[in-house]
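A.B. asks: This structure is in structure tokens; I'll ask about it shortly.
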DNA sequence: AATGAATGAGCGTTCATTCAT
DNA sequence: CATGAATGAACGCTCATTCAT
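Chains as they are written, first to last, in the UniProt record's numbering: chain S, 1 to 221; chain V, 1 to 221; chain Y, 1 to 221; chain L, 1 to 221.
Given below as structure tokens:
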């Protein structure tokens with residue numbers, strides 16, 4: 001499919017072709033199960049050329065992670081307009097996120113599934129991206145707390161946990177939306193906003209849920 | 001550790017040793033990167049014995065998934081007392097969940113990370129467990145809605161999305177709690193309850209977040 | 001099938017059961033492809049018992065060859081009555097041979113196919129049997145020559161070649177009769193007698209076929 | 001022998017080297033006992049190259065069978081000149097056959113011994129060749145019958161049995177000639193012609209050997 | 001700019017064989 | 001008399017990687 005043998009292409013183009021093939025293969029097979037043969041064939045080049053341009057399998061996978069992480073964060077960043085309110089920014093970011101992951105399922109599989117299974121050199125790459133997103137969300141939460149005329153006296157770790165939960169829910173919903181047919185990016189974003197925003201809001205108004213210490217019974221929500 | 005060469009053990013015991021070693025190795029290396037040699041050595045037996053008792057690498061991994069999935073669901077089930085309120089059940093379940101994942105990080109890695117990267121024979125195994133948990137959470141949400149004297153007129157898909165988001169947040173917090181030093185299971189559970197319970201509550205009271213259609217501005221939480 | 005677990009049998013019986021299973025397995029799978037596990041299971045005993053009674057796979061195979069070679073030669077010997085004429089003796093021997101190979105196809109496969117593919121320790125065993133049969137046939141040919149009032153001035157090597165050809169034709173016809181449905185032992189024997197006897201006869205009357213030396217044309221038979 | 005490490009050969013050449021080594025190894029060890037390591041080493045290449053060119057052990061063996069079967073049938077075909085009489089054609093074919101098997105003993109072992117011990121994928125290959133030869137011989141027999149001004153009223157199965165016997169005798173004599181020192185191809189062919197031709201001739205003149213039904217005595221040849 | 005030819009190292013799997021009971 | 005438990009050694013096959021052109 002599309003394997004029209006067009007030789008003698010400039011290096012930058014060839015590299016992108018290789019990365020495309022690699023992302024597809026890594027995303028579907030996983031890092032270990034993907035073979036350089038398959039990637040080279042899918043890219044329409046010979047194996048030595050892959051090694052000439054991207055030094056090793058490890059470097060190739062790292063390049064995939066970097067490219068796709070940049071593309072994802074860029075997509076989210078481009079979807080958010082800075083002037084608007086915190087909830088609107090969060091909504092826009094989530095829409096961009098779900099749209100991008102839906103359009104690039106292999107890339108999302110690389111970032112979310114495959115890269116995390118091999119901690120040594122790869123998880124650090126994707127962790128950087130994730131932390132960037134978590135920081136962005138954290139800042140939104142803090143901004144929302146300010147917007148609610150409340151001192152952001154939420155302890156830092158608590159905010160970190162909330163952001164982690166929010167991002168985790170988003171990741172899980174991305175998989176869910178990709179797997180379940182007929183779930184659009186907007187629907188996924190709506191679900192998450194409904195789930196999270198009120199909780200965050202009441203949290204900021206001081207109405208936090210308290211754990212039942214020593215066998216106390218808790219009330220309904 | 002404890003690799004005293006104690007020969008001639010009954011089969012059932014040896015099998016558990018092998019599964020222990022396999023869970024550890026699979027959880028840390030991933031399915032493909034884990035070698036049967038390493039597993040056998042860690043189990044303190046020779047490779048042929050592993051093949052004699054657990055027919056193949058695939059079967060071994062499946063056995064790991066099954067055992068750990070059963071252990072996790074059993075731990076959650078044992079932590080929940082049926083008579084109590086929905087929020088208390090959810091809290092207890094989350095505590096049990098975070099406690100179990102914290103005590104069995106390799107098992108959690110197998111279930112959450114490794115099993116999902118090889119869809120063909122394994123994802124189905126873990127998907128069954130996940131659906132069981134999602135169903136449990138869904139039932140809690142519906143129960144909470146009833147408890148709030150509200151007709152559970154939430155559309156089915158909406159509830160499914162909420163449960164997915166909740167479980168995803170829990171999974172993500174489990175990783176976070178395992179990685180971040182000093183975060184206890186109770187703290188993770190508290191964070192998630194804070195994050196989710198109010199949101200669910202306001203949702204049930206009809207105050208749902210509405211997406212900004214065509215450029216409408218939304219309000220602060 | 002027939003695996004009624006009858007423990008504690010006398011050694012001689014067990015050995016025969018093992019040899020039965022071994023002949024069947026070796027005959028169908030070949031020496032290398034047959035596994036001791038399969039043989040032990042088919043014999044209804046545990047593997048160590050096989051090693052206790054028949055020391056190794058090699059010895060087991062040798063024992064199979066010996067038993068079946070003896071059975072075959074005994075069957076042929078029993079079919080031949082010494083007082084009769086040479087052609088009748090040959091006919092009776094062939095009938096006995098084809099009958100035995102048809103009734104014991106696995107044994108025949110062991111002797112004719114499997115044992116010959118591994119020259120080092122096994123071919124010698126079966127070669128002994130074969131030479132015994134070739135000698136018997138040779139003696140018949142010589143007797144027939146005497147019976148025809150001819151001096152057996154056939155050179156020794158020529159007689160050896162004839163016997164070899166006759167035995168080879170018989171072996172090939174045994175396979176053919178086993179494979180082709182509806183070919184009885186008598187039919188195979190008749191075919192071979194028709195094929196060979198007249199040739200031998202005219203040979204002894206001095207009418208031998210002469211090779212076309214240096215481009216000479218030969219006549220029709 | 002000749003194991004000068006000459007690297008970088010074109011694929012076609014390497015493939016023939018590999019097939020040479022494989023035929024030798026398979027012919028001497030048998031299919032199961034031959035190891036790919038040994039074949040690769042004998043071919044002077046590394047194992048992966050063998051797998052790159054000839055996909056598997058099974059395919060390699062099949063390729064050996066095909067090449068050697070084609071070579072053998074071609075040698076026989078090339079030795080027979082169509083215009084001559086049936087006996088001359090048979091003689092020429094036998095000479096070519098015995099010459100080829102004597103010059104390529106390993107190839108003959110592959111075809112005659114090794115390929116027949118593993119029926120599932122291999123026997124069909126060699127059976128095709130054998131049937132081709134049997135058909136050729138059958139046609140010669142029928143032609144000879146016509147040449148003798150006799151209606152070929154031999155029943156079809158009878159002719160098939162005769163051809164089978166003739167081919168079997170030839171195969172056996174090939175082994176015998178290969179094993180016994182000082183037996184030339186012409187001598188083997190002469191022996192077989194003497195053995196078979198007169199028998200066929202008298203058969204066609206209606207003088208067929210009749211089996212002794214119910215204890216009748218038979219006469220000398 | 002690009003490739004055909006080639007390999008060292010390792011993995012999943014199997015098997016004949018033994019030990020302790 | 002008989003076996004459950006266990007292994008050293010090897011085999012078929014694959015893969016990331018390089019060299020020579």
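Glycine is no exception: its CB is placed at the ideal position from the N, C-alpha and C atoms.
Going by other Cβ atoms of all chains shown within 10 Å of its Cβ, with 16 needed for buried, is residue 140 of chain Y buried or exposed?
C.D. replies: Residue 140 of chain Y comes out buried.
A.B. asks: How should residue 50 of chain S be labelled, buried or exposed, when 16 other C-beta atoms within 10 angstroms of its C-beta is the threshold for buried?
C.D. replies: Counting Cβ neighbours within 10 Å, residue 50 of chain S comes out buried, since at least 16 surround it.
A.B. asks: Using 8 angstroms for Cβ pairs, my map puts residue 62 of chain L next to residue 161 of chain Y. What's the rounded Cβ distance?
C.D. replies: No, residue 62 of chain L and residue 161 of chain Y are not in contact; Cβ-Cβ is about 34 angstroms, not under 8 angstroms.
A.B. asks: From the beta carbon of residue 122 of chain Y, is the nearest beta carbon of chain L less than 8 angstroms away?
C.D. replies: Not one chain L Cβ lies under 8 angstroms of residue 122 of chain Y.
A.B. asks: Within 10 Å of its beta-carbon, does residue 202 of chain Y have 16 or more other beta-carbons around it, so buried, or fewer, so exposed?
C.D. replies: Residue 202 of chain Y comes out buried.
A.B. asks: Once DSSP output is grouped into helix, strand and coil, what is the label at residue 205 of chain L?
C.D. replies: Here residue 205 of chain L sits in coil by DSSP.
A.B. asks: Sort S:129, S:144, S:44, S:114 by Cα distance to residue 197 of chain S and report the nearest one.
C.D. replies: Cα-wise, what sits closest to residue 197 of chain S is S:144.
A.B. asks: Does the beta-carbon distance from residue 76 of chain V to residue 102 of chain V come in below 8 angstroms?
C.D. replies: Taking 8 angstroms as the Cβ cut-off, residue 76 of chain V and residue 102 of chain V do not qualify as a contacting pair.
A.B. asks: For chain Y, check one thing: does any of its Cβ atoms lie closer than 8 angstroms to the Cβ of residue 78 of chain L?
C.D. replies: Output row for residue 78 of chain L: interface = no.
A.B. asks: Using three-state DSSP, classify residue 32 of chain V as helix, strand or coil.
C.D. replies: In the structure shown, residue 32 of chain V sits in coil (DSSP, three-state: anything other than H, G, I, E or B).
A.B. asks: Closest Cβ-Cβ distance between residue 218 of chain L and chain Y: below 8 angstroms?
C.D. replies: Confidence at residue 218 of chain L is low in this model, with a pLDDT of 44, below 50, so the placement of that residue is unreliable and no value is reported for it.
A.B. asks: Please compile the residues from chain Y whose C-beta is within a distance smaller than 9 angstroms of the C-beta of residue 184 of chain L.
C.D. replies: Chain Y residues near residue 184 of chain L: none, gap ~11 angstroms exceeds 9 angstroms.
A.B. asks: In this structure, does DSSP put residue 155 of chain Y in helix, strand or coil?
C.D. replies: Residue 155 of chain Y falls in the coil class under three-state DSSP.
A.B. asks: Buried or exposed: residue 25 of chain V, going by 16 or more other Cβ atoms within 10 Å of its Cβ?
C.D. replies: Residue 25 of chain V comes out buried.
A.B. asks: What is the rounded straight-line gap between the Cα of residue 38 of chain V and the Cα of residue 117 of chain Y?
C.D. replies: Residue 38 of chain V and residue 117 of chain Y: Cα-Cα distance of roughly 39 angstroms.
A.B. asks: Helix or strand or just coil, what does DSSP make of residue 90 of chain V?
C.D. replies: It is helical.
A.B. asks: Between which two residues does the alpha helix (DSSP H) carrying residue 61 of chain V extend?
C.D. replies: Start and end: 57-79.
A.B. asks: Is residue 68 of chain S near residue 23 of chain S, with beta carbons less than 8 angstroms apart?
C.D. replies: Yes, Cβ-Cβ distance for residue 68 of chain S and residue 23 of chain S is below 8 angstroms.
A.B. asks: Given a cut-off of 8 angstroms, decide if residue 65 of chain Y and residue 134 of chain Y are closer than it, judged by their beta-carbon atoms.
C.D. replies: Against a cut-off of 8 angstroms, the Cβ pair of residue 65 of chain Y and residue 134 of chain Y comes out as no contact.
A.B. asks: Between residue 114 of chain S and residue 168 of chain S, how many whole angstroms is the CB-CB distance? I'm expecting something under 8 angstroms.
C.D. replies: Not really, about 18 angstroms apart at Cβ, beyond 8 angstroms.
A.B. asks: Give the residues of chain V in contact with residue 173 of chain S, contact being defined as C-beta atoms less than 9 angstroms apart.
C.D. replies: 161, 164, 165, 168, listed in chain order.
A.B. asks: I think residue 189 of chain S touches residue 94 of chain S, with their Cβ atoms under 8 angstroms apart; what is that distance to the nearest whole Å?
C.D. replies: So it is a contact: roughly 4 angstroms between Cβ atoms.
A.B. asks: Output, in chain order, the set of chain L residues within a Cβ distance shorter than 7 angstroms of residue 208 of chain Y.
C.D. replies: 194, listed in chain order.
A.B. asks: Whose CA, out of V:35, V:32, V:175, lies closest to the CA of residue 112 of chain V?
C.D. replies: Per the Cα distances, V:175.
A.B. asks: Could you name the residues of the same chain whose beta carbon sits closer than 6 angstroms to that of residue 250 of chain Y, not counting the 5 residues immediately before and after it, in chain order?
C.D. replies: Chain Y is shown from 1 up to 221; residue 250 of chain Y falls before or after that span and cannot be answered.
A.B. asks: Check the Cβ of residue 108 of chain L against every Cβ in chain Y and list those closer than 7 angstroms, keeping chain order.
C.D. replies: Under the 7 angstroms cutoff, chain Y gives no residues; its nearest Cβ is about 13 angstroms from residue 108 of chain L.
A.B. asks: Just the chain S side, please: which residues come within less than 9 angstroms of residue 82 of chain V by C-beta, in chain order?
C.D. replies: Result: empty, since nearest Cβ-Cβ is about 14 angstroms, beyond 9 angstroms.
A.B. asks: If you drop the 5 nearest sequence neighbours on each side, which residues of the same chain put their C-beta closer than 8 angstroms to that of residue 178 of chain S?
C.D. replies: Taken in chain order, the residues that qualify are 101, 102, 105, 108.
A.B. asks: What is the C-beta distance between residue 171 of chain L and residue 46 of chain Y, in whole angstroms, given that I count them as a contact (C-beta under 8 angstroms)?
C.D. replies: That belief does not hold up - the Cβ atoms of residue 171 of chain L and residue 46 of chain Y are roughly 42 angstroms apart, past 8 angstroms.
A.B. asks: Helix, strand or coil for residue 118 of chain S per DSSP?
C.D. replies: Coil at residue 118 of chain S, not helix or strand.
A.B. asks: For residue 27 of chain V, which of V:181, V:60, V:87 has the nearest alpha-carbon?
C.D. replies: Minimum Cα distance to residue 27 of chain V is reached at V:60.
A.B. asks: Return the first residue and the last residue of the alpha helix (DSSP H) that residue 144 of chain S is part of.
C.D. replies: Per DSSP, residue 144 of chain S belongs to the alpha helix (DSSP H) from 124-147.
A.B. asks: Would you report the Cα separation of residue 199 of chain L and residue 89 of chain L, rounded to the nearest angstrom?
C.D. replies: Looking at the two C-alpha atoms, the distance is approximately 17 angstroms.
A.B. asks: Specify the secondary structure class of residue 161 of chain S as computed by DSSP and reduced to three states.
C.D. replies: Reduced to three states, the DSSP call for residue 161 of chain S is helix.
A.B. asks: What number of angstroms, rounded off, separates the C-alpha of residue 12 of chain L from the C-alpha of residue 21 of chain L?
C.D. replies: Near 14 angstroms, if we compare the C-alpha coordinates of residue 21 of chain L and residue 12 of chain L.
A.B. asks: Buried or exposed for residue 130 of chain L, please, with buried defined as at least 16 other CB atoms from any protein chain shown within 10 angstroms of its CB.
C.D. replies: Flag for residue 130 of chain L reads buried.
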